[in-house]
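Everything below concerns the one structure shown next.
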Amino acid sequence: MNKRVKQVKPKREINIKKWLLLLLLKVLLVFIAVTTVYCIYLDQQIKERIDGKVWDLPAAVYGQIIELEPGQYRSKNEIISILNGVQYRQTLVATRPGEFVVNDDSIELYRRPFYFPDIEEPAIRAKIIFNANGIARISNIETGRNFGVLRIDPKLITMMHSADNQQRLFVPLKDFPDSLIKTLIATEDRRFYEHDGISLYSILRAIYSNFTSGRTVQGGSTLTQQLVKNLFLTNERSYIRKIREGYMAIILDSRYSKERILELYLNEVYLGQNADEEIHGFPLASLYYFGRPVNELTLDQQALLVGMVKGASVYNPWTRPNNTLERRNVVLRLITEQGIIDDELYQLLKNRPLSVLPKGGVISPQPAFMQLVRKSLREELGEQADHLSGMRIFTTFDPIAQSAAEKTVLDEMANLKALTKKDGLQTALTIVDRETGEVRALIGSAEPTYAGFNRALYGRRPIGSLAKPPTYLSALSQPEHYQLNTWLDDKPLTIKTDSRTIWQPQNFDRKYRDRVMLVDALANSLNIPSVNLGMAVGFDATEKTLLSLGVARTEIKSVPSRFLGTLELTPIETAQMYQVIGNGGKKSKLTALRYVVAENGDLIYQNYPNSRQAVSAQAAYLTTFAMQQVAQYGTSRVLNNLYPTANIAAKTGTTNDLRDSWFVGIDGKEVTVIWVGLDDHNPMKLTGSSGALKLYQGYLARHNPQPLVQNKPSNINMVAIDAQGNWLCSGGGVRMLPAWTADKALLCAGFNQVPRDQEAENDAPSWLKEMFGF
């Protein structure tokens with residue numbers, strides 16, 4: 005019987021297998037260790053970013069905050085313009101924030117919630133009731149209580165100081181509409197609430213779809229993976245990047261709630277391009293494309309933005325509207341299939357047009373105004389102006405005035421270029437609040453929306469006859485010597501400026517009138533009487549007046565030609581000068597800033613409008629009255645024909661050889677300064693009346709003036725005069741003129757003893773002196 009022989013494996017073979025097992029175990033342990041360390045590293049990276057500062061947010065720049073009060077002179081039409089300017093919608097019934105209803109004598113407004121510089125205010129339903137004088141009453145529709153002040157949320161005009169040219173406006177998840185979130189999840193990640201950051205089902209489905217079609221038609225990324233890629237990774241196409249994306253998505257999902265991930269995604273996703281700046285997040289895209297906050301979007305608008313997630317360049321409504329419309333309807337069909345909307349609503353929504361705003365329609369760069377804002381931030385905040393991330397900057401910008409000015413420039417400058425055959429013709433406009441000095445609109449060139457040399461801020465040119473009113477103001481500050489009926493010589497004039505130079509000024513029409521009353525000399529912008537007046541008042545007195553009006557001493561030259569406009573100023577400096585004259589002699593420093601709020605909500609800067617008496621209130625009143633005669637029967641009488649009840653004060657200005665055309669207009673609300681000319685200082689054949697005044701007419705046609713009603717200061721009395729300019733205290737005569745006198749009888753008798761107004765010589769305003777007794 006054969007015995008089975010037991011075969012023993014060689015010892016060497018056993019050792020090799022053990023060694024391989026040990027090696028495999030070591031490799032596995034090293035892999036686990038490396039993976040663990042790598043995951044810890046990724047976890048730390050995610051934690052530092054999400055728990056810290058997720059984005060270097062740009063600063064949001066807002067226009068002016070409109071404050072409505074009972075008793076304000078604001079018409080119903082003006083309030084409608086204001087609401088349209090901040091993208092409110094007129095409807096038959098105001099059911100949602102951002103809507104208003106116009107009735108016969110009232111406006112019902114559903115005011116949006118807004119975080120104002122001092123407090124967050126909720127949505128409010130208010131009723132604004134009007135009478136013949138403006139706003140009569142403002143009441144809360146729900147409670148019936150009256151408002152003392154109702155603030156309207158300001159318009160977001162632009163963003164600044166963005167990192168990597170990325171623009172976004174952060175909004176917390178609670179302020180997003182539920183329908184938008186449902187539409188996004190239904191379209192991009194149906195199992196968002198079920199998976200742990202990655203979805204194997206979605207990955208397998210994408211692989212199958214791509215394999216069967218022979219090309220990439222579907223992606224398998226979850227919303228969490230997309231967020232990881234946008235926040236932490238690049239667009240590199242590689243397996244390593246994809247594996248890292250998956251790891252980080254799992255970590256992100258395990259560490260943070262689905263709500264936090266959604267909030268980050270909604271504010272991060274790329275949704276288009278505006279020039280060289282990227283539009284990130286649904287809140288900012290909503291404003292760019294539709295001009296309204298994200299919580300006011302309709303379902304079809306939400307579907308459009310969700311559709312852009314797949315490819316913002318392919319489905320861009322500005323450049324590829326047909327693609328975008330098709331994609332939007334695909335999204336609408338998807339949410340219909342998932343029961344979010346019914347088929348009837350789907351049929352209605354899919355037939356709607358895109359209705360997106362034109363590019364730059366709501367949020368636009370505003371290059372000229374933003375240069376002023378940056379300059380003001382530097383002056384007020386110093387080095388802090390270099391660190392504006394996440395701040396909210398509230399400015400004095402009026403979008404309605406700016407829009408009217410821009411349209412005027414585009415239309416009227418085209419006409420002037422054709423008239424002069426000068427394609428290089430340029431312009432600058434500065435519009436400021438007459439009382440507060442707040443800059444409402446600014447245009448620095450004939451192409452308002454393009455950045456470049458800002459002529460409103462830096463275009464220093466001779467101001468021509470705009471230099472005359474300060475001279476007349478200086479004279480009228482001496483009522484014992486000068487009144488509006490004072491006679492001035494209008495005869496050929498020769499002035500010896502030095503041992504070699506003889507100056508012989510001429511009137512623009514080359515005519516002489518022998519003599520002319522002071523008010524008529526200014527109304528008709530006569531040169532010789534103005535020079536005679538300036539020389540009589542003196543260089544020192546007129547220089548003091550210019551300094552009080554805000555002109556820098558370095559710009560003032562003691563030469564006779566200064567009285568005819570060799571004084572060189574920028575449009576904004578000129579606006580400061582006329583703000584004082586048009587505001588009863590009270591100077592309000594021109595400003596573009598109201599508030600600056602830090603990212604954490606702290607108020608770090610605020611500017612309340614204030615003014616001080618810079619020149620005599622009586623002299624300013626008389627000078628403004630004379631400027632109103634410019635529009636009544638002088639060089640700007642066309643304004644009286646167009647707006648007979650507005651009482652606009654005006655002045656045209658033209659420099660030698662027709663090199664510069666200037667105009668200043670003052671109505672009840674604004675001071676507008678306009679310049680037209682060529683950068684090379686060559687003649688362009690336009691006077692103040694044929695050039696800059698044309699732009700002012702165009703502006704008023706788009707932005708109706710408010711009547712200018714001057715507050716009459718003490719010792720100003722209306723007195724009649726005869727044809728020879730003599731005062732007639734008994735009445736009658738040929739016209740009425742205001743006179744600065746304490747006693748009309750003494751005035752008519754040839755004596756004019758008036759109390760001198762000393763307030764202009766003291767920086768303290770009258771209310772402060774009364775408070776502290778000095």
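Counting along the sequence shown from 1, when you hit position 45 you're at 49 in the numbering used here, and nothing is skipped either side. In this text, a Cβ means the ideal position worked out from N, Cα and C, and glycines have one as well.
Burial is judged here by how many other beta carbons sit within 10 angstroms of a residue's own beta carbon; N531 has at least 16 and is buried. By the Cβ neighbour-count rule, E73 is exposed, with fewer than 16 other Cβ atoms within 10 Å of its own. Counting only residues of its own chain and dropping the five nearest sequence neighbours on each side, D109 has a CB closer than 7 angstroms to the CB of I133 and F134. Apart from sequence neighbours up to five positions away, the residues of its chain that approach R331 with a beta-carbon distance below 6 angstroms are G311 and Y319, ordered along the chain.
Checking the DSSP bridge columns, you'll see M539 has no partner listed. The beta carbon of E192 is closer than 7 angstroms to those of L227 and V313 in its chain, skipping five residues each way along the sequence. Relative to the Cα of R438, the nearest Cα in the group L712, F104 and A743 belongs to L712. Between the beta-carbon of E282 and that of Y274 there is about 6 angstroms, and that keeps the pair under the 8 angstroms contact cut. In the three-state scheme derived from DSSP, where H, G and I count as helix and E and B as strand, M631 is classed as helix.
By alpha-carbon distance to V520, the top candidate from A63, R464, T40 and L537 is L537. With fewer than 16 neighbouring CB atoms inside 10 Å of its own CB, R504 falls in the exposed class.
Residue pairing by DSSP places T434 opposite L446 and V677 in a beta bridge. Counting only runs of at least 3 residues, the stretch 485-529 fully encloses the following beta strand (DSSP E) elements, listed from N- to C-terminal order: 491-494 and 518-521.
The criterion of a C-beta distance shorter than 9 angstroms is not satisfied by L24 and L173.
Here the C-alpha atom of E71 lies approximately 15 angstroms from the C-alpha atom of Y114. The DSSP assignment places 621-637 and 642-646 as complete runs of the alpha helix (DSSP H) inside the stretch 596-653, in order along the chain (cut-off: 4 residues). The C-beta distance from F104 to R155 rounds to 15 angstroms, too long to fall under 8 angstroms, and the pair is not in contact.
The continuous alpha helix (DSSP H) containing R332 extends over residues P325 to E341. Rounded to the nearest angstrom, the gap between the Cα atoms of K246 and A98 is 49 angstroms. Secondary structure at K262: helix, using DSSP grouped into helix, strand and coil.
If you check the CB distance, E384 and N611 come in under 9 angstroms. T412 is not a Cβ neighbour of R53, given a cutoff of 9 angstroms. Counting only the Cα atoms, Q632 lies some 6 angstroms from A654. When DSSP reads this structure, V668 sits in a beta bridge with K655 and V677. As the crow flies, the alpha-carbon of E559 is around 47 angstroms from that of A289. Straight across, the Cα-Cα distance linking Q230 with P369 is about 30 angstroms. Collapsing the DSSP output to three states places Q714 in coil.
Residue state for V377 is assigned as helix, using DSSP reduced to three classes. Between the C-alpha atoms of L256 and L235 there is a straight-line separation of about 12 angstroms. Taking 9 angstroms as the cut-off, the beta carbon of G638 is found closer than this to the beta carbon of N528. In its chain, beyond the 5 residues on either side, P158, K159, I161, T399, F401, D402 and P403 have a beta carbon closer than 7 angstroms to the beta carbon of G67. Assignment of T39 by DSSP, reduced to helix, strand and coil, places it in the helix class.
Around the C-beta of E484, fewer than 16 other C-beta atoms lie within 10 Å, and the residue is accordingly described as exposed.
Judged by DSSP in its simplified three-state form, G311 adopts helix.
Between F180 and V58, the CB-CB gap reaches or exceeds 9 angstroms. Burial state of I189 is buried, judged by a 10 Å Cβ sphere holding 16 or more other Cβ atoms.
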